[in-house]
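Enquirer:
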Amino acid sequence: MTDDLFTPTVRTPSAPAKPPWRPDSIVYPAFFGGPLAATVLGLLNGRRLSLTRTHLMLIAVAGIAAIAARVVFVATTGGNSLGRLSGAVAGLLVWLVVNALQRRPFRAFLQNNGEPASLVWPGVLAAIGCGLAEAALIFGVIL
Amino acid sequence: MSGLERAQALLLANRPEDVLRELAVLPATDAVSARAFHLRCAALVQLNRWTEAAEAARHGLTAGGPDPDLLRLLADAEQELGNLEVAERAALDGLALDPQDIDLLCCYARICMAAGQVDKAGKLVERAAAIQPNAAVVYGARVQLAFSRGDDRTAQRIAREFVAEYPESAAAHALLGGTSALRGQVNAADSGIRQAVAAEPTVDDYAQLAMETKLAKHPLLIPVRPFVRFGPVKTWIAAVIVLFGLRALGLYTLLLVFSLTWIALCVYSWVVPPLVRRWVTRRWR
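So the protein lines, in turn, are chains H and U.
If you want the working numbering, it's the position in the first sequence, counting the first as 1, plus 15.
If you want the working numbering, it's the position in the second sequence, counting the first as 1, plus 1.
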């Protein structure tokens, strides 16, 4: 009996140079740091999870769109508390894209007995570094 | 009762270390029989000693020729060791002997899940379910499949069905506990894992899961529970609605208090869980 299901298809995934972070955890730096932090961490984690080029591009596009939207929003409303809130909202939106694309590959990584890396310090660094860079871009250059 | 029979009984009683002890004192002719290697391999799998389990399975295959059960144990062990291609080869060799073996079908499905081939895994599980829909191994594979798809709600529902069908099964309770934990239901998670540990206190994996769920119930983590239970998006939408509600009503003092509490809670839910984990696990060691 020839059976498509019983033909070998499995490739042992090449062990990532660095283990990925939990995609769920990226929500925190995304919230505090804004869309740039979410995009940077999403792309780095995408590399660690061996995402396809298309999926990495999707994260990049979502990130650029979110940053652009935030810039336009702040430029039209002025730099008030709503402007700061918009950073958190835009960051969360980017995280939604990142999480949707990374959830499945990350589950496969876990089923392969993988131990995820800790995002605590990289997350704090990204939130502060990217948050400041984004603020400098918006309030220094554009406004 | 012969030594092999005693070892078999000990294996069924979940006493893998005693199985190995029993096998060590077998007479020479029995000790190199295919059955002895089979029991040894199964005991080593229970003990999570994967390298030795794979070795025992290979010895058994050499001694007794191809055997679906041994090939499955070999596939399980190689998968745990991360050698997915070797594991697949063993599973396929087993399926060539018996294409209707539900244990092998589910074993191969797990290998596909670990390789990220969820769709193929789904078809394999479907086939096993068509043969024996109420088998424990099929329930387990369906829960794992839903987990791989990222669908925690379905995973928990199937785990519930599993427990209803096999109320005595430690694996079923552990899966219900684990899937409840994924959905942030800390009390359900804890009770599921507790029942698993009670049913099979010697299984290391359950004891470890129990540590996790006990951690999730830590009093310092109570403020974090809404985030875990409802996920960040729903919690956040709720917070934004409250923020704008207070603003619209002109309650600016309350708005300030709420915003500050909210920010503090967000920082707390980011920083405290890893600290609690480090602190508590250190104390347990």
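Note that CB positions come from ideal geometry on N, CA and C, so glycine has one too.
Just so we're clear, the structure is a prediction, and the values are computed from it rather than from any experiment.
Identify the contact partners of H:Leu111 in chain U, using a Cβ-Cβ distance below 9 Å as the criterion.
Expert: Per Cβ cutoff of 9 Å: Val234.
Enquirer: Strictly below 9 Å CB to CB, what residues from chain U border H:Pro23?
Expert: Chain U residues near H:Pro23: Glu86, Glu89, Arg90, Leu93.
Enquirer: What residues from chain U crowd round H:Leu107, counting only those whose CB sits closer than 8 Å?
Expert: The contacting residues are Pro233, Val234, Trp237.
Enquirer: Quick check: is the beta carbon of H:Leu20 nearer than 8 Å to any beta carbon in chain U?
Expert: True, the Cβ-Cβ gap to chain U drops below 8 Å.
Enquirer: Among residues of its own chain, excluding the 5 on either side of U:Met2, which ones have a beta-carbon nearer than 6 Å to its beta-carbon?
Expert: Cβ within range, chain order: n/a, list empty.
Enquirer: For chain U, is any of its Cβ atoms less than 8 Å away from the one on H:Asn60?
Expert: Not closer than 8 Å to any Cβ of chain U, the Cβ of H:Asn60 fails to qualify, so no.
Enquirer: Specify the secondary structure class of H:Ala132 as computed by DSSP and reduced to three states.
Expert: Strand at H:Ala132.
Enquirer: Could you give the distance in angstroms between the alpha-carbon of H:Val112 and the alpha-carbon of U:Ala8?
Expert: If you take the alpha carbons of H:Val112 and U:Ala8, they lie about 53 Å apart.
Enquirer: Counting only Cβ pairs nearer than 8 Å, list the residues of chain U close to H:Thr67.
Expert: Under the 8 Å cutoff, chain U gives no residues; its nearest Cβ is about 11 Å from H:Thr67.
Enquirer: Checking contacts by CB at 8 Å: is H:Arg122 closer than that to chain U?
Expert: For H:Arg122, the answer is yes, since a Cβ of chain U falls inside 8 Å of its Cβ.
Enquirer: Relative to the C-alpha of U:Cys108, which candidate in U:Gly117, U:Ala91, U:Asp120, U:Leu98 has its C-alpha closest?
Expert: It is U:Ala91 whose Cα lies nearest to the Cα of U:Cys108.
Enquirer: For H:Met16, is the classification buried or exposed, using 16 other Cβ atoms within 10 angstroms of its Cβ as the cut-off for buried?
Expert: With a pLDDT of only 47 at H:Met16, under 50, the local geometry of the prediction cannot be trusted, and the value read off the model is given with reservation. The residue is exposed, with fewer than 16 neighbouring Cβ atoms inside 10 Å.
Enquirer: For H:Trp36, which beta-bridge partners are listed by DSSP?
Expert: Its beta-bridge partners are H:Ala132.
Enquirer: Please confirm if the segment 118-133 of chain U is in contact with the segment 142-162 of chain U, defined as three or more CB-CB distances below 8 Å between the two stretches.
Expert: Segments in contact, yes.
Enquirer: If we cut at 8 Å on Cβ distances, does H:Leu154 have a partner in chain U?
Expert: For the record, residue 154 of chain H in the displayed sequence is Phe; it is not Leu. Cβ-Cβ to chain U under 8 Å: no for H:Phe154.
Enquirer: Report buried or exposed for U:Thr180, applying the criterion of at least 16 other Cβ atoms within 10 angstroms of its Cβ.
Expert: Buried is the call here.
Enquirer: Between the Cα of H:Asn128 and those of U:Val139, U:Thr262, U:Asp77, spot the shortest distance and give me the residue it belongs to.
Expert: Minimum Cα distance to H:Asn128 is reached at U:Asp77.
Enquirer: Check whether the Cβ atoms of U:Ala197 and U:Tyr207 lie closer than 8 Å to each other.
Expert: For U:Ala197 and U:Tyr207, yes; Cβs fall inside 8 Å.
Enquirer: Given U:Ala189, which residues of its chain have a CB within under 7 Å of its CB, disregarding the five upstream and five downstream residues?
Expert: Cβ within range, chain order: Ser181.
Enquirer: For H:Trp36, tell me which candidate among H:Phe88, H:Gly155, H:Phe124 has the shortest Cα-Cα distance.
Expert: The shortest Cα separation from H:Trp36 among H:Phe88, H:Gly155, H:Phe124 belongs to H:Phe124.
Enquirer: If I measure Cβ to Cβ from U:Ala287 and keep anything under 8 Å in the same chain, skipping five residues before and after, which residues do I get?
Expert: Residue 287 of chain U lies beyond the stretch modelled for chain U, which goes from 2 to 286, so this question has no answer here.
Enquirer: For the alpha helix (DSSP H) that U:Asp99 lies in, which residues bound it at each end?
Expert: Neither: U:Asp99 is in no alpha helix (DSSP H) and is coded neither H nor E.
Enquirer: Taking Cβ-Cβ distances shorter than 9 Å, what residues in chain C pair up with H:Phe46?
Expert: Given the protein chain composition of this structure (H and U), no chain C is represented.
Enquirer: Leaving aside the five residues before and after U:Ala240 along the sequence, list all residues of the same chain whose C-beta is less than 7 Å from its C-beta, in chain order.
Expert: Here the set comprises Trp263.
Enquirer: Using only alpha-carbon positions, find the residue among U:Glu81, U:Leu250, U:Ala37, U:Leu247 that is nearest to U:Asn49.
Expert: Checking every option, the nearest Cα to that of U:Asn49 belongs to U:Glu81.
Enquirer: Please go through the same chain and pick out, in chain order, the residues whose beta-carbon is closer than 8 Å to the beta-carbon of U:Leu177, but skip the five residues on each side of it.
Expert: Closer than 8 Å at Cβ, skipping near neighbours: Gln157, Ala160, Arg161, Phe163, Val164, Ala189, Gly193.
Enquirer: With respect to the alpha helix (DSSP H) encompassing H:Leu107, which residues constitute its N-terminal and C-terminal limits?
Expert: Note, H:Leu107: alpha helix (DSSP H), 96-126.
Enquirer: Could you tell me which chain H residues have their CB closer than 8 Å to the CB of U:Pro275, listed as they occur along the chain?
Expert: Per Cβ cutoff of 8 Å: Ser133, Val135.
Enquirer: Measure from the C-beta of U:Ile194 to each C-beta in chain H and report whether the shortest distance is under 8 Å.
Expert: No, U:Ile194 lies away from the interface with chain H (no Cβ there is under 8 Å from its Cβ).
Enquirer: When you compare the CB of U:Ile112 with every CB in chain H, is at least one pair closer than 8 Å?
Expert: For U:Ile112, the answer is yes, since a Cβ of chain H falls inside 8 Å of its Cβ.
Enquirer: Go through its chain and collect everything with a Cβ distance to H:Ile143's Cβ below 6 Å, but skip five positions before and after it.
Expert: None.
Enquirer: Using a beta-carbon distance cut-off of less than 9 Å, what residues from the segment 136-159 of chain U approach chain H?
Expert: Against chain H - using a Cβ distance shorter than 9 Å - the residues of the segment 136-159 of chain U are Gln145, Phe148, Ser149, Arg150, Gly151.
Enquirer: Quick one, are the C-beta atoms of U:Ala211 and U:His174 less than 8 Å apart?
Expert: No, the pair does not count as a contact, with Cβ atoms beyond the cut-off.
Enquirer: At a CB-CB cut-off below 8 Å, which residues of chain U make contact with H:Arg26?
Expert: Residues of chain U passing the Cβ test: Leu85, Glu86, Ala116.
Enquirer: Going by C-alpha to C-alpha distance, which of H:Leu97, H:Gly155, H:Pro50, H:Ala90 sits closest to H:Gly146?
Expert: Nearest C-alpha to H:Gly146: H:Pro50.
Enquirer: Please classify U:Ser170 as buried or exposed, where buried requires at least 16 other C-beta atoms within 10 Å of its C-beta.
Expert: By the neighbour-count rule (16 or more Cβ atoms within 10 Å), U:Ser170 is buried.
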